[in-house]
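Enquirer: Residue numbers (my numbering): 15 to 214.
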Ligand SMILES: [Zn+2]
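(1) How about residue 55: is its Cβ closer than 7 Å to a heavy atom in ligand 1?
(2) Helix, strand or coil for residue 126 per DSSP?
(3) Below 8 Å on the Cβ atoms is my contact criterion, and I expect residue 33 with residue 62 to pass it. Report the Cβ-Cβ distance as a whole number of Å.
(4) With a threshold of 8 Å, are at least 3 pairs of Cβ atoms found where one atom belongs to the segment 111 to 121 and the other to the segment 81 to 98?
(5) What first and last residue would you give for the beta strand (DSSP E) that runs through residue 149?
(6) By Cβ distance, which residues of its chain are closer than 6 Å to residue 182, with the 5 residues on each side in sequence left out?
(7) How should residue 53 be labelled, buried or exposed, when 16 other C-beta atoms within 10 angstroms of its C-beta is the threshold for buried?
(8) Under a three-way DSSP split, which group does residue 27 fall into?
(9) Note down the Cα distance separating residue 204 from residue 104, rounded to an integer number of angstroms.
(10) Can you give me the start and stop residues for the beta strand (DSSP E) that residue 59 sits inside?
(11) Just checking residue 47 against ligand 3 - is the residue's beta carbon closer than 7 Å to any of the ligand's heavy atoms?
(12) Buried or exposed for residue 173, please, with buried defined as at least 16 other CB atoms from any protein chain shown within 10 angstroms of its CB.
(13) Is residue 135 closer than 8 Å to residue 59 when the C-beta atoms are compared?
(14) What residue from 142, 82 and 50 has the CA that sits closest to residue 156's CA?
(15) Please report how far the alpha carbon of residue 208 lies from the alpha carbon of residue 55, in whole angstroms.
(16) Report yes if the CB atom of residue 41 is closer than 8 Å to the CB atom of residue 70, and no otherwise.
(17) Provide the residue(s) that pair with residue 177 in DSSP beta bridges, ordered along the chain.
(18) Going by CA-CA distance only, name the one from 83, 145, 121 and 106 that's closest to residue 93.
(19) Can you tell me whether residue 193 is buried or exposed? The criterion is at least 16 other CB atoms within 10 Å of its CB, across all chains shown.
(20) Run the proximity test for residue 166: is its beta-carbon closer than 7 Å to any non-hydrogen atom belonging to ligand 1?
(21) Please find out if some non-hydrogen atom of ligand 1 comes closer than 7 Å to the beta-carbon of residue 42.
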């Protein structure tokens, strides 16, 4: 989203340029479709005026981070491969050798999953309010007046804001994967839109 800063404002004024071009849930191309409609591919009710944070589109926006993740995975694979060779060469009792192989393989799979995980959940900031989409069926909508100041809760690894008496949380990993800078951008974007009510 930050990369759009130097886009020509003349184009943006025409309308279509400022709207979502892909469904945030399934990635289907939405160009030319009405502002509010159901995605022809997955049926999800999309508002093309949404500013989407996290999820499929978020991962696409931060393509650079995606490549860094892949590079990290490749390097880690090489590291594990070297370890496996070392384990095979070093004389060890058969059981220990097998255990080490299992542990290294599990570490490799876990690292790969974290590096290549594409989060599906997202937060959409629309003209009317904030929408949290966990899946097509698990959608929560909040009017802007119901949304309190948002913050990144490091301890619980979530974005949290108050809505009435409830503390609403969005698990960071589910929406942003390991892209922590996107979390910060999202929190700031929410707070920019929230009308700060001077409560005390
Ligand atoms: Zn869709």
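No residue lacks a Cβ here, since even glycine has one placed at the ideal position from N, Cα and C. All values reported here derive from a predicted model rather than from experimental measurement.
Expert: In this structure, then:
(1) Yes, ligand 1 has a heavy atom inside 7 Å of this Cβ.
(2) If DSSP states are grouped into helix, strand and coil, residue 126 belongs with the helices.
(3) The beta-carbon distance between residue 33 and residue 62, rounded to whole angstroms, is 4 Å. This is short enough to meet the 8 Å contact definition.
(4) Result yes; three or more Cβ-Cβ pairs closer than 8 Å.
(5) Per DSSP, residue 149 belongs to no beta strand (DSSP E) and is neither H nor E.
(6) Closer than 6 Å at Cβ, skipping near neighbours: 175.
(7) That one is buried.
(8) Model confidence at residue 27 stands at a pLDDT of 43, short of 50, so the residue's coordinates are unreliable; what they give is reported in the following sentence. In this structure, residue 27 counts as coil in the three-state DSSP scheme.
(9) Whole-angstrom Cα-Cα distance: 55 Å.
(10) For residue 59, the enclosing beta strand (DSSP E) stretches over residues 59 to 61.
(11) Although ligand 3 was asked about, the structure shown includes only ligand 1 as ligands.
(12) The residue in question, residue 173, is buried, as its Cβ has 16 or more Cβ neighbours within 10 Å.
(13) If you check the CB distance, residue 59 and residue 135 do not come in under 8 Å.
(14) Ranking the options by Cα distance to residue 156, first place goes to 142.
(15) So the alpha carbons of these two residues sit roughly 32 Å apart.
(16) With contacts defined as CB atoms closer than 8 Å, residue 41 and residue 70 qualify as a contacting pair.
(17) Residue 177 pairs with 180.
(18) Considering only alpha carbons, the answer is 121.
(19) Buried, since its Cβ has 16 or more Cβ neighbours within 10 Å.
(20) Not a single heavy atom of ligand 1 lies less than 7 Å from the C-beta of residue 166.
(21) Correct: residue 42 has its Cβ closer than 7 Å to ligand 1.
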